[in-house]
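Residue numbers (my numbering): 161 to 576. Worksheet: the structure to be examined is printed underneath.
Structural data, given as structure tokens:
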């Protein structure tokens, strides 16, 4: 929610929402290829990428203020994201997800290890390249960033409290977090559009994913129908009703864990948002075993995907492309850290012949957790979004503990 006056040209959230909606509509119209030139452009530039970067340009140019608005938090994060999770999980093929096999978990764990190793590597390299960057309490800011990149925002705040990170340092690393994670997410969205060619060239084993996609497509082809008003009302009712139920349970449940379970914060169980994500996913999963699954034939996952695209745009509108000019060396530290993570992940994925989807979701399950992992997963195929949720949830559970270990190592390296 807005906390201070904004200097952006557009400060009315309703106007901002209209701008985002119109922008998304224009992007998808252009992506449909109404002219030969646009068809060529969108053969190389995925629409999903523009849905992310154009709002970022709006924010950077001062047209909107992505941080001083309710569009991302609470509307997109607390309403549209869980609504999308309910609708996308509603049609999940749970047996198909389990058939994806252990490679996915191996790649995800490699991504987590890459984050921990990247913290050490980037700290050491920057101590040689530009020692001032890692002087003072930089290590504490890095510990907080490790919490975010292994788990999520709740884990990042937890690390700030544990290590007493200075507010200014924390804010600077929040910028590094958004900038590096956003750029990497954009790269993954771009690569997702070329997953088939990349997997073919690398000889990756995509049989489990292809079978899952084929089953989903066959089910949709056999059962698809033109949705009636009743269908649409049921879809919206299930989605938003599920969101309301998840929030109603999450608030007291997280408060109970915080008050009664000493280790709750280590697994982010004292975070209402974590419970909203978990409960929304579980609700959709439960409904997938009932007649509610037939709503998929009327377009439930398509509406869920619409919600995801709004979420992507709202995430993008928080990014300021010029925000690192105050302390640019931190950006280099973040890039080295991220590249280490990518190198470790790529090496393991190559060794086990994992498809690009495993690589992308293994990374974003750590870096973006449950807020961004399903977005990247859905870029490969809407039916794969729940896989992103599952891995993002694992990241939330492990983020605090592993980030704490990383922080202790960084503290020792800094001699603090």
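Glycine residues also receive a C-beta, built at the ideal position from the N, C-alpha and C atoms.
Original post:
residue 266 to residue 370, Cα distance in whole Å?
Top reply: Spanning the alpha carbons of residue 266 and residue 370 requires a straight line of approximately 20 Å.
Subject >> Test item: CB-CB of residue 295 and residue 324 under 8 Å >> reply: Note that the C-beta distance between residue 295 and residue 324 is not below 8 Å.
Subject >> Meets three-Cβ-pair contact criterion under 8 Å: the segment 338 to 345 and the segment 523 to 539 >> reply: The answer is yes - the segment 523 to 539 touches the segment 338 to 345, with three or more Cβ pairs under 8 Å.
Original post:
What is the DSSP secondary structure of residue 183, counted as helix, strand or coil?
Top reply: Helix.
Original post:
Where does residue 449 land, buried or exposed, given buried means 16+ other C-beta within 10 angstroms?
Top reply: Residue 449 comes out exposed.
Original post:
What are the boundary residues of the alpha helix (DSSP H) that includes residue 409?
Top reply: Segment 389 to 420, the alpha helix (DSSP H) holding residue 409.
Original post:
With a cut-off of 8 Å, do at least 3 Cβ pairs link the segment 488 to 499 to the segment 237 to 249?
Top reply: No contact exists between the segment 488 to 499 and the segment 237 to 249.
Original post:
Looking at the structure shown, is residue 429 part of a helix, part of a strand, or coil, going by DSSP?
Top reply: Coil, per DSSP.
Original post:
According to DSSP, is residue 161 helix, strand or coil?
Top reply: Low local confidence applies: a pLDDT of 43 at residue 161 is under 50, so the model's placement there is unreliable, with the coordinate-based value given in what follows. Three-state DSSP puts residue 161 in coil, outside helix and strand.
Subject >> residue 278 beta carbon less than 8 Å from that of residue 500 >> reply: With contacts defined by Cβ atoms closer than 8 Å, residue 500 and residue 278 form a contacting pair.
**OP:** Flag residue 446 as yes if its beta-carbon sits less than 8 Å from any beta-carbon of chain D, otherwise no.
**Re:** Any reference to chain D falls outside this structure, which holds one protein chain only.
Subject >> Cβ neighbours of residue 263 in the same chain (closer than 7 Å, five flanking residues each side left out) >> reply: Once the five neighbours on either side are set aside, the close Cβ partners of residue 263 are 512, 514 and 518.
Original post:
Just how far apart, CA to CA, sit residue 297 and residue 329?
Top reply: Distance between the alpha carbons of residue 297 and residue 329: 8 Å.
**OP:** Could you check the C-alpha separation between residue 219 and residue 348 for me, to the nearest Å?
**Re:** Linking residue 219 to residue 348 through their CA atoms gives a straight-line distance of about 22 Å.
Subject >> When 180, 249, 456 and 311 are compared against residue 378, the one with the closest alpha-carbon >> reply: Of the listed residues, the one whose Cα sits closest to residue 378 is 456.
Original post:
Helix or strand or just coil, what does DSSP make of residue 513?
Top reply: DSSP places residue 513 in coil when its eight states are reduced to three.
Original post:
Do you know how far the Cα of residue 232 is from the Cα of residue 162?
Top reply: Interpretation of residue 162 is limited by its pLDDT of 46, a score under 50 that renders its predicted location unreliable; the figure taken from the coordinates is listed afterwards. CA-to-CA, the gap between residue 162 and residue 232 works out to about 11 Å.
Original post:
Looking at the structure shown, is residue 482 part of a helix, part of a strand, or coil, going by DSSP?
Top reply: Here residue 482 sits in coil by DSSP.
Subject >> Spatial neighbours of residue 316 in its chain, beta-carbon cut-off 6 Å, leaving aside the 5 residues before and after >> reply: Correct list, in chain order: 304, 307 and 308.
Original post:
Measuring CB to CB, does residue 443 end up less than 8 Å from residue 384?
Top reply: Cβ atoms of residue 443 and residue 384: not closer than 8 Å.
Subject >> residue 440 beta carbon less than 8 Å from that of residue 542 >> reply: It is not a contact, given that the beta carbons lie outside the stated cut-off.
Original post:
For residue 430, which residues of its own chain have a beta-carbon under 6 Å away from its beta-carbon, when the five flanking residues on both sides are left out?
Top reply: Only residues of its own chain outside the window of five on either side were considered, and among them 414, 417, 418 and 424 have a CB closer than 6 Å to the CB of residue 430, listed in chain order.
**OP:** Starting from the C-beta of residue 497, find all residues in its chain whose C-beta is less than 7 Å away, skip the five residues before and the five after it, and write them out in chain order.
**Re:** For residue 497, the CB contacts under 7 Å within the same chain, skipping 5 residues up- and downstream, are 278, 279 and 282 in chain order.
Original post:
Which residue comes first and which comes last in the alpha helix (DSSP H) that contains residue 423?
Top reply: Looking at the DSSP string, residue 423 is not in any alpha helix (DSSP H), and its letter there is neither H nor E.
Original post:
When burial is assigned at 16 or more other CB atoms within 10 Å of the CB, is residue 172 buried or exposed?
Top reply: So residue 172 ends up on the exposed side.
Original post:
Is there contact here, the segment 557 to 576 with the segment 500 to 509, by at least three beta-carbon pairs under 8 Å?
Top reply: Contact fails: fewer than three Cβ-Cβ distances are below 8 Å.
**OP:** Alpha carbon to alpha carbon, how far is residue 536 from residue 319? Give it in angstroms, no decimals.
**Re:** If you take the alpha carbons of residue 319 and residue 536, they lie about 26 Å apart.
Subject >> Alpha-carbon spacing of residue 395 relative to residue 194, whole angstroms >> reply: About 31 Å.
Original post:
Measuring CB to CB, does residue 478 end up less than 8 Å from residue 226?
Top reply: Contact annotation: residue 478 and residue 226 have beta-carbon atoms nearer than 8 Å.
**OP:** Compute the beta-carbon to beta-carbon distance between residue 387 and residue 271, rounded to the nearest angstrom, for a pair I have assumed lies under 8 Å.
**Re:** No, residue 387 and residue 271 are not in contact; Cβ-Cβ is about 38 Å, not under 8 Å.
Original post:
What do you get for residue 169, buried or exposed, if any count of 16 or more other CB atoms within 10 angstroms of its CB means buried?
Top reply: Here residue 169 is exposed, its C-beta having fewer than 16 other C-beta atoms within 10 Å.
Original post:
Can you tell which of 337, 355 and 285 has the C-alpha that lies nearest to the C-alpha of residue 539?
Top reply: The option with the nearest alpha carbon to residue 539 is 355.
Original post:
According to DSSP, is residue 501 helix, strand or coil?
Top reply: Looking at residue 501 - three-state DSSP - the assignment turns out to be helix.
Original post:
Roughly how many angstroms lie between the CA atoms of residue 467 and residue 230, to the nearest whole one?
Top reply: One C-alpha to the other measures close to 16 Å.
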